[in-house]
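Contents: one structure, followed by commentary.
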Amino acid sequence: LGSYMSGGVGFTQYATAAYTDNILDDFTYYGMDYLHDKYKIDVKNPNPKDKVKATQEVVNDIATEVNLYGMEQYEQFPTMLEDHFGGSQRAAVLGAASGITTSIATGNSNAGLNGWYLSMLMHKDGWSRLGFFGYDLQDQCGSANSLSIRPDEGCIGEFRGPNYPNYAMNV
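Listed below in structure tokens is the structure:
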């Protein structure tokens, strides 16, 4: 029950769309505007010829732009930060907006997934943690979470990866 109530595994993905107060929409629409302005993609009238080649540079560009916009919005408007009270919610919304925008631009779901992972890495780099202590976003597995140094939990220099005992307890 504790995992469920604190936004543990699955809950974040299940409920995010219902309670994000159009924040996910805002981040995604910003991404759509970015695609229109930089890559000349008409997202209102999709055309397969408008796709951008799914390269690492494109993923980095789009996901970084959308994620930084979202992080700046959270910092500029504290009520948004309070609305998404846990890092899990913020990380899921930022990751989803980055991944959605990247997938739409490239027509490639793997590029979108890499946009999501890049968002997680940027989130950790910018704000240090993705979730509450002990709930460091178990449901956001991937490159961003495979090895984490968590000295704020008293484990200086200890690497915790997917095989760490606590990692799978709530899965």
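Every letter in the sequence shown is one number past the one before it in UniProt numbering, and letter 170, counting from 1, is 170. Quick reminder that beta carbons are idealized off the backbone N, C-alpha and C, glycines included.
Do three or more CB pairs link the region 71-78 to the region 31-43 at distances below 8 Å? no
Considering only their Cβ atoms, is the gap separating N67 from S98 smaller than 8 Å? yes
For the alpha helix (DSSP H) containing G126, list its first residue and its last residue. S109 to W127
Taking three-plus beta-carbon pairs below 8 Å as touching, is the region 83-94 in contact with the region 46-53? As far as the Cβ criterion goes, the region 83-94 does not touch the region 46-53, which means the pair count is below three.
Within 10 angstroms of the Cβ of N22, are there 16 or more other Cβ atoms? Answer buried if so, exposed if not. exposed
Am I right that residue 230 and L35 are in contact with their C-beta atoms under 8 Å? What's the rounded C-beta distance? The shown model of the chain, from 1 to 171, leaves out residue 230, and the question about it has no answer.
Give the secondary structure of P46 by DSSP, where H, G and I count as helix, E and B as strand, and everything else as coil. coil
What are the complete alpha helix (DSSP H) segments, minimum 4 residues, inside the region 68-111? Whole alpha helix (DSSP H) segments, 4+ residues: 78-83 and 87-106.
By a C-beta neighbour count over all protein chains shown, 10 Å radius and 16 as the cutoff for buried, is S109 buried or exposed? Exposed.
Among the residues of its own chain, which have a CB less than 8 Å from the CB of G126, if the five just before and after it don't count? When the five nearest sequence neighbours on each side are left out, the beta carbons in the same chain lying within less than 8 Å of the beta carbon of G126 are those of M71, in order along the chain.
Nearest candidate by alpha-carbon position, reference F27, set K124, I100 and G112: Selected option, being the one with the closest Cα: I100.
Which of helix, strand or coil does DSSP assign to T55? coil
At the level of alpha carbons, what is the spacing between Y69 and N45? The alpha-carbon atoms of Y69 and N45 are separated by roughly 24 Å.
Beta-carbon proximity of N63 to S119, cut-off 8 Å: One detail in the question is off: residue 63 reads as Ala in this sequence, not Asn. The beta carbons of A63 and S119 sit closer together than 8 Å.
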